[in-house]
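For the sequence shown, UniProt numbering gives the first residue as 1, with consecutive numbering after it. Even glycine gets a Cβ: it sits at the ideal position worked out from N, Cα and C.
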Amino acid sequence: MFNTVTGKKIAILGFAFKKDTGDVRETPSMFVVRDLVMEQAKVHVYDPQVKREDMWVEMNYTCNLSEETHPGVEAAVTTSTSAYDACDGAHALAVLTEWDEFKELDYQKIYQKMAKPAFVFDGRNILDHEALRKIGFEVHAIGKPDPNKFSDL
Numbered sequence: 001m002f003n004t005v006t007g008k009k010i011a012i013l014g015f016a017f018k019k020d021t022g023d024v025r026e027t028p029s030m031f032v033v034r035d036l037v038m039e040q041a042k043v044h045v046y047d048p049q050v051k052r053e054d055m056w057v058e059m060n061y062t063c064n065l066s067e068e069t070h071p072g073v074e075a076a077v078t079t080s081t082s083a084y085d086a087c088d089g090a091h092a093l094a095v096l097t098e099w100d101e102f103k104e105l106d107y108q109k110i111y112q113k114m115a116k117p118a119f120v121f122d123g124r125n126i127l128d129h130e131a132l133r134k135i136g137f138e139v140h141a142i143g144k145p146d147p148n149k150f151s152d153l
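Structure follows, in structure tokens:
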């Protein structure tokens, strides 16, 4: 990401605290979204069950992040109607909830529409990292070494 996310589009796939629910109470995703917004990224969130209103209620309650505390903040976050819409033109995508549908996405199609280099941050370790690298993504995952930095392992 070249040491900055300012002005870059970041797709967030999943906002709920776990799959198969629309529950956003204390979801770790809100802290990622908050930090990206504070760094002036353009955040596009897709979650198949989370409503925008619920997302902002929790962001305000837990993070004290709202239009009142940070004017213009809600405009910095777009809620997308599909993962493909969220990723269109994005510099990076981050999988933050382990929805089954994220395993089945056409990542070749997503890659073609993303800015390059295209980054994937798999926060749930649900994706096929080797297949994504073959497509051309730079992949980073929780608890996994970066193969570009640790090629001797």
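Residue state for H129 is assigned as helix, using DSSP reduced to three classes. Runs of the alpha helix (DSSP H) spanning 4 or more residues and lying entirely within the stretch 76-123 occur at 83-87 and 107-113, in chain order. Per the Cβ contact rule, the stretch 9-21 is in contact with the stretch 37-45 (3 or more Cβ pairs under 8 angstroms). K42 carries a strand assignment under DSSP once its states are collapsed to helix, strand and coil. In this model, C63 and F31 are separated by some 8 angstroms (Cα to Cα). Per DSSP, V73 lies in no beta strand (DSSP E) and is assigned neither H nor E. Around the Cβ of A92, a 10 Å sphere holds 16 or more other Cβ atoms; the residue is buried. Here the alpha carbon of K116 sits roughly 14 angstroms from the alpha carbon of V5. Of the candidates L65, K103, I142 and M114, L65 places its Cα closest to the Cα of V33. DSSP, read as helix, strand or coil, puts I135 in helix. Secondary structure of L13 (DSSP, three-state): strand.
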